[in-house]
Amino acid sequence: PQSPNNKDLETTPGKGVTGMGAETVTATATAALAPATEAKDEKTTKMTEKDKEDFVADVIKEYLHLSASSVKIKFPLVSAISNEMLIEQTRHLPFYQYHDFMVRIMEKEMKRLEEEKKRKLEETERQRRRSQADSTGKEQPEAGKEEETDDEDDHKTSRGRMKDASSAPGSPLKSFAKSKSSSNISTPNI
Numbered sequence: 001p002q003s004p005n006n007k008d009l010e011t012t013p014g015k016g017v018t019g020m021g022a023e024t025v026t027a028t029a030t031a032a033l034a035p036a037t038e039a040k041d042e043k044t045t046k047m048t049e050k051d052k053e054d055f056v057a058d059v060i061k062e063y064l065h066l067s068a069s070s071v072k073i074k075f076p077l078v079s080a081i082s083n084e085m086l087i088e089q090t091r092h093l094p095f096y097q098y099h100d101f102m103v104r105i106m107e108k109e110m111k112r113l114e115e116e117k118k119r120k121l122e123e124t125e126r127q128r129r130r131s132q133a134d135s136t137g138k139e140q141p142e143a144g145k146e147e148e149t150d151d152e153d154d155h156k157t158s159r160g161r162m163k164d165a166s167s168a169p170g171s172p173l174k175s176f177a178k179s180k181s182s183s184n185i186s187t188p189n190i
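Printed below as a string of C-alpha cells:
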C-alpha cells in the first residue's frame, strides 16, 4: 500500500525524484544533512593538539587490545600471559610490530610450557621406574649407565681370565705367551 503522495512521484535514472512534491523531498533532505556536515566540520576544526594526542592514544590502545586478543585466540593453551602483559611488553614498539612481537612472546611461552611438560613426564617416568625397582627388590640402573658398566666388566673379566689361564701350569696359553715373547727377540743376521 502506497500513500497518495507516493503515487505521483516517479524515479528516473540520473534525474532522481520527479513529480509532485519532489521539491519538498529535496529541500527536506538537504536541510537534514546540512547540520550534520556543519557539526562534523566544526568538530574537526575545534580539535586541539591535546585532543588529537588523546584520540591517537585511544586508537593505539584499541589496536593493542585487538592485537593482544587475536594473539590470545591463536594460543589458547597459554594462560600464564594475560592481554595486559602482552600490551605492556609491546607498548614501546611501533604499531606495525605489535602483532608479530606478541606472537613471538606467546611462542616462547608455549615452547617453555612444552619443555616443562616434557620434564615433568620424564620425572614421573623415573619415579615410576624407581617404584617398580623398589617393589621387585632390585635396583635397575638407567639404560645409558647399564651399557657402560657391562662393557667395562667384560673387558676386566676377559683380561683376568687371560692372566689366570696363562699362569696355570702346563697351560697352552703360557707356552704361546713365551713363544710370542721369544719371537720378539731379534737375532742378528749373519
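Take 1 as the starting number for the sequence shown in UniProt numbering and just add one per residue. A virtual CB, placed ideally from N, CA and C, is assigned to each residue, including glycine.
From residue i to residue j, what distance separates their C-alpha atoms?
{"i": "Ile105", "j": "Leu86", "result": "8 Å"}
{"i": "Ala133", "j": "Arg126", "result": "10 Å"}
{"i": "Val103", "j": "Thr136", "result": "49 Å"}
{"i": "Ile60", "j": "Lys72", "result": "18 Å"}
{"i": "Glu53", "j": "Glu88", "result": "19 Å"}
{"i": "Asp100", "j": "Phe75", "result": "13 Å"}
{"i": "Leu77", "j": "Leu113", "result": "9 Å"}
{"i": "residue 191", "j": "Glu122", "result": "Residue numbering for the chain in the displayed model covers 1 to 190; residue 191 lies beyond these limits and cannot be assessed."}
{"i": "Tyr63", "j": "Ser70", "result": "11 Å"}
{"i": "Arg119", "j": "Gln97", "result": "33 Å"}
{"i": "Lys50", "j": "Glu109", "result": "38 Å"}
{"i": "Met47", "j": "Leu93", "result": "27 Å"}
{"i": "Glu116", "j": "Ser82", "result": "19 Å"}
Whose CA, out of the options, lies closest to the CA of residue i?
{"i": "Glu84", "options": "Ser67, Tyr96, Lys111, Lys50", "result": "Ser67"}
{"i": "His65", "options": "Arg128, Lys118, Arg91", "result": "Arg91"}
{"i": "Ser79", "options": "Glu107, Leu93, Phe55", "result": "Glu107"}
Beta-carbon within less than 8 Å of residue i's beta-carbon, same chain only, minus the 5 sequence neighbours each way: which residues are those?
{"i": "Thr124", "result": "none"}
So, is the C-beta of residue i closer than 8 Å to a C-beta in chain B?
{"i": "Ser131", "result": "No chain B is part of this structure, which consists of one protein chain only."}
Inset, instruction - Give, in chain order, every unbroken run of the beta strand (DSSP E) that is at least 3 residues long and sits entirely within the segment 83–138. - result: none
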